[in-house]
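Numbering (this note's numbering), first residue to last: 24 to 410. Virtual Cβ for every residue (Gly too), placed ideally from N, Cα, C.
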Amino acid sequence: MKTSLFYLPSIGSRAEIECGMAGLRGDLYDRMLAELSEQARLADDLGYDSVSFTEHHFHIEGFELSNNPVLLDLFVGMQTRRLRVGQLGIVLPAQNPIRVAEDIAMLDHMTGGRANAGFARGYQRRWVDVMAQQTHGIHGALPHQHDEVDAANRAAFEECFRIIKAAWTEDLLAYEGRYWRIPPGATPWTLEATQRYGAGIADGVVRAVGVVPKPVQKPHPPLFQPFASSERSIRWCAEEGVTAILPPLHPRTEEHLIRLYAEVSGRPLGEGVGVLRDVVIAPTDEEALALWADSGLFCGREWFEPFGFAQGLVDPTTGEAPSLLDTGLALVGTADTVTRQLERLRARLPVRWLFAWIYIGLIPRARLNYTIEQLATRVLPRCSPAS
24 MKTSLFYLPS IGSRAEIECG MAGLRGDLYD RMLAELSEQA RLADDLGYDS
74 VSFTEHHFHI EGFELSNNPV LLDLFVGMQT RRLRVGQLGI VLPAQNPIRV
124 AEDIAMLDHM TGGRANAGFA RGYQRRWVDV MAQQTHGIHG ALPHQHDEVD
174 AANRAAFEEC FRIIKAAWTE DLLAYEGRYW RIPPGATPWT LEATQRYGAG
224 IADGVVRAVG VVPKPVQKPH PPLFQPFASS ERSIRWCAEE GVTAILPPLH
274 PRTEEHLIRL YAEVSGRPLG EGVGVLRDVV IAPTDEEALA LWADSGLFCG
324 REWFEPFGFA QGLVDPTTGE APSLLDTGLA LVGTADTVTR QLERLRARLP
374 VRWLFAWIYI GLIPRARLNY TIEQLATRVL PRCSPAS
């Protein structure tokens with residue numbers, strides 16, 4: 024099982040966030056970068072596969088200051104030797120797909136072929152509605168939302184995805200879609216240098232464009248989608264060869280979606296699927312639970328539950344919610360406790376990826392470094408391979 028560290032990242036402790044407007048404080052952002060630098064080098068030395076960042080904007084509250092995950096990837100990549108870097112994920116309906124293809128290809132070159140590519144649909148309307156207005160007029164779509172807003176968001180996402188893959192794999196790109204036309208029309212281009220050294224021009228008009236550079240990894244960097252929780256998203260990931268990252272969901276739902284991915288993709292059960300989990304390790308269970316209360320539980324209650332993420336934890340037949348700790352939906356405790364929790368999880372879900380949610384800022388630096396070190400040295404080596 025490959026293990027990746029997932030960062031929002033938050034800035035500030037619970038007390039600093041509760042004071043209000045933490046996102047405005049440059050000192051907290053600088054402190055986060057310093058801690059991230061230290062943790063990335065530690066993860067590199069300990070053998071973690073990768074680190075990944077979300078994309079969100081306007082986070083004046085301080086919970087998710089990751090407005091440019093590719094820049095954060097580069098920040099980490101320039102300080103590490105083997106650690107891969109990725110995004111969970113770039114919100115495609117609010118992006119220019121050609122710029123995304125260029126940025127990730129450049130990142131792949133600058134890190135020596137260590138880039139992953141993660142793409143998301145976007146659910147926070149405060150920023151998606153603003154950032155997508157010029158290109159798509161798309162809105163954010165909440166988890167479990169199934170209406171015309173969701174349909175348009177998904178259509179824009181899938182179209183951007185097709186353009187990015189074509190930009191990476193085809194020498195010249197021409198595309199006609201619902202949201203994008205590449206080239207956009209009869210753009211005149213009579214430059215003789217293009218006639219001699221380039222391509223894509225016919226009769227003095229741009230007919231196709233060449234998106235460069237191409238990625239180092241062929242045909243393209245590994246692809247991920249966070250955080251897939253519907254049958255439609257799982258089917259799409261399986262058909263497109265995208266690794267689906269499941270958020271914490273009711274065990275029955277998780278098991279159903281993993282079986283569905285295997286059925287659609289034709290791959291062994293668990294291949295192409297990963298899970299996101301809170302991971303907090305401390306010398307005692309009591310200390311770990313206290314740290315989790317001020318990080319994962321605080322962040323979940325204040326920020327994620329209002330968007331509807333808790334609905335996925337409910338039993339689809341009984342309406343009851345399981346214990347997060349007893350079912351391995353959160354990995355919290357001593358190294359021994361977390362080992363047992365992870366072994367139970369892997370016995371139930373033979374997934375190939377664990378994305379460990381790292382609550383930078385909300386957990387003090389030394390305690391968070393302890394979690395990263397203990398997970399790598401004491402927990403993962405003792406967990407038996409998934410059956």
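Helix or strand or just coil, what does DSSP make of residue i?
i    : result
G43  : coil
T26  : strand
V239 : coil
S253 : coil
Q156 : coil
Y198 : strand
Q168 : coil
R177 : helix
L354 : strand
I161 : coil
P32  : coil
P345 : coil
V337 : coil
R204 : strand
P211 : strand
V123 : helix
V234 : coil
R37  : helix
P271 : coil
P404 : helix
R363 : helix
T217 : helix
Based on the DSSP output, what are the partners of residue i in its beta bridges?
i    : result
R15  : Lying outside 24 to 410, the shown extent of the chain, residue 15 is not represented and no answer is given.
F247 : G141 and T266
V229 : I224
V114 : A143
I395 : Bridge partners of I395: none, in fact.
I383 : I386
V74  : L28 and V108
Where does the unbroken beta strand (DSSP E) through residue i begin, and where does it stop?
i    : result
A379 : W376 to W380
I281 : No beta strand (DSSP E) contains I281, which is instead part of the alpha helix (DSSP H) from P274 to S288.
Rounded to whole angstroms, what is the Cα-Cα separation between residue i and residue j?
i    : j    : result
F180 : L115 : 5 Å
A174 : Q168 : 9 Å
A418 : I205 : What the structure shows of the chain is the stretch from 24 to 410, and residue 418 is not part of that stretch, so it cannot be assessed.
L246 : R64  : 24 Å
I304 : G223 : 56 Å
I162 : C406 : Checking the sequence shown, residue 162 turns out to be His, not Ile. About 42 Å.
I113 : N91  : 8 Å
S27  : R390 : 18 Å
G35  : L368 : 31 Å
L377 : G233 : 36 Å
S410 : R219 : Here the model assigns S410 a pLDDT of 39, short of 50, so the residue's position is not dependable, and the following value carries that caveat. Each residue's Cα considered, the two are about 58 Å apart.
G135 : L69  : 20 Å
R386 : L196 : As written in the sequence, residue 386 is Ile, which differs from the Arg given in the question. Spanning the two alpha carbons is a distance of roughly 46 Å.
P120 : E310 : 45 Å
Along the chain, where does the alpha helix (DSSP H) containing residue i start, and where does it finish?
i    : result
F321 : G319 to C322
L314 : D308 to A316
L299 : Element bounds for L299: not the alpha helix (DSSP H) but the beta strand (DSSP E), V296 to I304.
Q | Whole alpha helix (DSSP H) elements within the region 81-109, 4-residue minimum | A | Those alpha helix (DSSP H) runs which fall completely within the region 81-109 and span 4+ residues are 92-100.
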